[in-house]
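2 protein chains.
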Amino acid sequence: MKQEKELNTYIITPNLVRNDLTRSIAGVDHLGKEVKLPVIEEKPLTIFLNDQEIVTAMTIGDYPEYLALGFLKNQRMLLESDIVTGVDFELDLNTVVVRTENKTNFENKLKKKTQTSGCAVGTVFGDMMEGMENLVLDPLVIKASNLYTLSKKINQTPSLYLNAGAIHGTVLCYKDNPLVYMEDVGRHNAVDKIAGWIFKTDTDPKDKILYTTGRLTSEMVIKTALMGIPVLISRSGFTAWGVEIATQVGMTLIGRLRGKRFICLSGHDRLEWDVSLTETENFL
Amino acid sequence: MKQEKELNTYIITPNLVRNDLTRSIAGVDHLGKEVKLPVIEEKPLTIFLNDQEIVTAMTIGDYPEYLALGFLKNQRMLLESDIVTGVDFELDLNTVVVRTENKTNFENKLKKKTQTSGCAVGTVFGDMMEGMENLVLDPLVIKASNLYTLSKKINQTPSLYLNAGAIHGTVLCYKDNPLVYMEDVGRHNAVDKIAGWIFKTDTDPKDKILYTTGRLTSEMVIKTALMGIPVLISRSGFTAWGVEIATQVGMTLIGRLRGKRFICLSGHDRLEWDVSLTETENFL
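The listed protein sequences correspond, in order, to chains Y and V.
Using the numbering used here, the first residue of the first sequence is number 2, and each one after it goes up by one.
Using the numbering used here, the first residue of the second sequence is number 2, and each one after it goes up by one.
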């Protein structure tokens, strides 16, 4: 478990060092002028669990090991009882292989394919609500002022989004500190990379906050709940079922966080209104 | 085939008549004030092809028949040679069954699962590039002024997006006329509903334009190409692979269409610059 002093600054920031995550593309603008602009890459990555091919994800290509681990965890193909003995990424084959001590029972997952929202061809294996039946998250009180600080810090962090657009971001936070900022063409990939990082570093999710640029659909709420994170924040909107599930598992759900505005859809009694209403109004 | 005179007004507009596509949800805003707001519904719909369960999509719930047909067509589980004998939607079971004269060979599709971008758990069955190998779209010249008119008309059309947000829209257009405007929580669902409508009404795709609110990822470009539509427009961004595929199949690809601005990523030689540069600049 991390000490608090380690949790006041970024551990992982968006990947701006690698030059293979964007490509310079020539286009013609509305004035007929040729323009060159940085565009996000999208590459296939095939995830194997032992000798079984599970899925090919379209991803920007960073942190393939976290993506694979997080995906398998969030799909419950990897359970707490499974011991991971290795994660091997082969760049030239676009594959990542997660190995476990014993065979896993993921075959059961293949029996039912549930397509998910956010995009039409989103398929999860197994019942979407599996593992959610009796789940109640440990309540975490958060300060409204932390929401504002987080939003500001995240928006000001140099990112592929600020450079090239067309990418989603997900940020694991502690109090008012962003800790791990992952980006991907798929908003779910970004969440899965966070899940993989949490798993790999044995980080306690119970006092953390998850921030996403994407919408709060049922799937996003379910993933966050299964990760054990009690607060989910987005600058975007939400669906009715997303709100319903958050309420059911005791997750604090905050949407449309922009500037000083937000809507708390679930758990407003766990929000500490430490910014005076006058102060808030002045900010608008 | 439709006559031109039928193609100058909406055939299908966003579904604002049904009251079960949104739900009133209570939240608390940043001032601590309780607010009620309309929120998009998200419901499971299980698609069957004959007696085989294919997938469960999370959808707002309108046009299940078009969604099922379009999904199966776009996944190439339904081929040109397959004769559809019926599409049965069962509201209380959340299922839609597409029946064909003969058994289809979709089982082959289940052999390979390719996860797609846009969201991490996006899975298509079969090779994503299947059917794209030698595909070259018939070139269609479009006017820059039509882009502006389409964008304005679409943005001003009353929609679930304008009412509740958190939803994607896809619009089939002819010249400067929006014809069929579909919305869904999943941007791919919205495209699939358009594909289902085209198939069902035997509409010629060759002179049409597809507008989407979502990003132009590889998948969106592939779906549009397989639908035989030569022009794809978005108000959002694009990925490098999306641009690459559009160039390869001769699709005109236009992104970031907002106000008078846009970027043409592919096929600018098929764009007729009928708005003078001065005029355009005055609009900015």
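Glycine residues also receive a C-beta, built at the ideal position from the N, C-alpha and C atoms.
These numbers were taken from a predicted model, which means no experiment stands behind them.
Gly-33 (chain Y) versus Arg-24 (chain Y) - alpha carbon distance: Cα to Cα, Gly-33 (chain Y) sits roughly 21 Å from Arg-24 (chain Y).
Cross-chain neighbours of Met-78 (chain Y) in chain V, by beta carbon under 7 Å: Within chain V, no C-beta atom comes nearer than 7 Å to that of Met-78 (chain Y); the closest sits roughly 12 Å away.
Buried or exposed by the 16-neighbour rule on C-beta atoms within 10 Å, applied to Pro-231 (chain V): It counts as buried.
Same chain, Cβ closer than 6 Å to Ile-255 (chain V), five either side skipped, listed in chain order: In the same chain as Ile-255 (chain V), and ignoring 5 residues on each side of it, the C-beta atoms closer than 6 Å to its own belong to Ile-234, Phe-263, Cys-265, in chain order.
Chain-order list of residues whose beta-carbon lies under 7 Å from that of Ile-84 (chain Y) (same chain, five-residue window excluded): Thr-101, Glu-102, listed in sequence order.
Residue from V:Leu-50, V:Met-252, V:Val-172 with nearest C-alpha to Pro-15 (chain V): Answer by Cα proximity: V:Val-172.
Simplified DSSP state of Met-183 (chain V), which is helix, strand or coil: In this structure, Met-183 (chain V) counts as strand in the three-state DSSP scheme.
Cβ contact check for the segment 200 to 211 of chain Y and the segment 269 to 276 of chain V: 3 or more pairs under 8 Å: Verdict: no, contact absent.
Same chain, Cβ closer than 8 Å to Leu-17 (chain V), five either side skipped, listed in chain order: Excluding sequence neighbours, Leu-17 (chain V) sits near Pro-159, Ser-160, Leu-161, Asn-164.
CB of Ala-27 (chain V) within 8 Å of CB of Gly-238 (chain Y), strictly: No, the pair does not count as a contact, with Cβ atoms beyond the cut-off.
Burial state of Asn-20 (chain V), where buried means 16 or more other Cβ atoms lie within 10 Å: Asn-20 (chain V) should be labelled exposed.
8 Å CB neighbourhood of Leu-8 (chain Y) in its chain, flanking five on each side removed: Answer for Leu-8 (chain Y): Tyr-175, Lys-176, Asn-178, Leu-180, listed in chain order.
Neighbour flag for Glu-42 (chain Y) against chain V, beta carbons, 8 Å: Interface with chain V (8 Å Cβ-Cβ cutoff): Glu-42 (chain Y) is included.
Among V:Val-276, V:Trp-242, V:Thr-60, the one whose alpha carbon lies nearest that of Val-40 (chain Y): The shortest C-alpha separation from Val-40 (chain Y) is found at V:Trp-242.
Cβ of Phe-239 (chain V) within 8 Å of any chain Y Cβ: Yes, Phe-239 (chain V) lies at the interface with chain Y (some Cβ there is under 8 Å from its Cβ).
Closer than 8 Å at the beta carbon, the chain V residues around Asp-30 (chain Y): Within chain V, the residues Arg-262, Phe-263, Ile-264, Cys-265 have their CB atoms less than 8 Å from the CB of Asp-30 (chain Y), given in chain order.
Ser-152 (chain Y), enclosing alpha helix (DSSP H) - first and last residue: It spans 145 to 157 - the alpha helix (DSSP H) in which Ser-152 (chain Y) sits, taken as one unbroken run.
The segment 165 to 184 of chain Y: positions lying closer than 7 Å to chain V by Cβ: Per Cβ criterion, the list reads Gly-166, Ala-167.
Proximal residues of chain Y, C-beta to C-beta of Trp-274 (chain V) below 7 Å: Around Trp-274 (chain V), the beta-carbon contacts reaching into chain Y at under 7 Å are Gly-33.
Completely contained beta strand (DSSP E) runs for the segment 74 to 112 of chain Y, where each covers 3 or more residues: As far as the segment 74 to 112 of chain Y is concerned, its whole beta strand (DSSP E) runs of at least 3 residues are 85 to 91, 96 to 101.
Alpha-carbon to alpha-carbon, Leu-50 (chain Y) and Lys-114 (chain V): Confidence at Lys-114 (chain V) is low in this model, with a pLDDT of 41, below 50, so the placement of that residue is unreliable and no value is reported for it.
For Pro-39 (chain V), the three-state DSSP class (helix, strand or coil): Correct three-state label for Pro-39 (chain V): strand.
DSSP three-state assignment for Gly-215 (chain Y), whether helix, strand or coil: Taken through DSSP and simplified to helix, strand or coil, Gly-215 (chain Y) comes out as coil.
Proximal chain V residues relative to Arg-24 (chain Y), where beta-carbon distance stays under 7 Å: Chain V residues near Arg-24 (chain Y): Ala-241.
9 Å Cβ cut-off: residues of chain Y touching Val-98 (chain V): Correct list: empty, because the minimum Cβ distance to chain Y is about 16 Å.
Contacts that Val-250 (chain Y) makes with chain V (C-beta to C-beta distance below 7 Å): The contacting residues do not exist; Val-250 (chain Y) stays about 16 Å from chain V at best.
Interface residues of chain V facing Val-36 (chain Y) [CB-CB closer than 9 Å]: Ile-264, listed in chain order.
Cys-265 (chain V) in three-state terms, based on DSSP: Residue state for Cys-265 (chain V) is assigned as strand, using DSSP reduced to three classes.
Nearest-angstrom beta carbon gap, Leu-138 (chain V) and Val-250 (chain V) [assumed within contact, 8 Å]: Right, their Cβ atoms sit about 5 Å apart.
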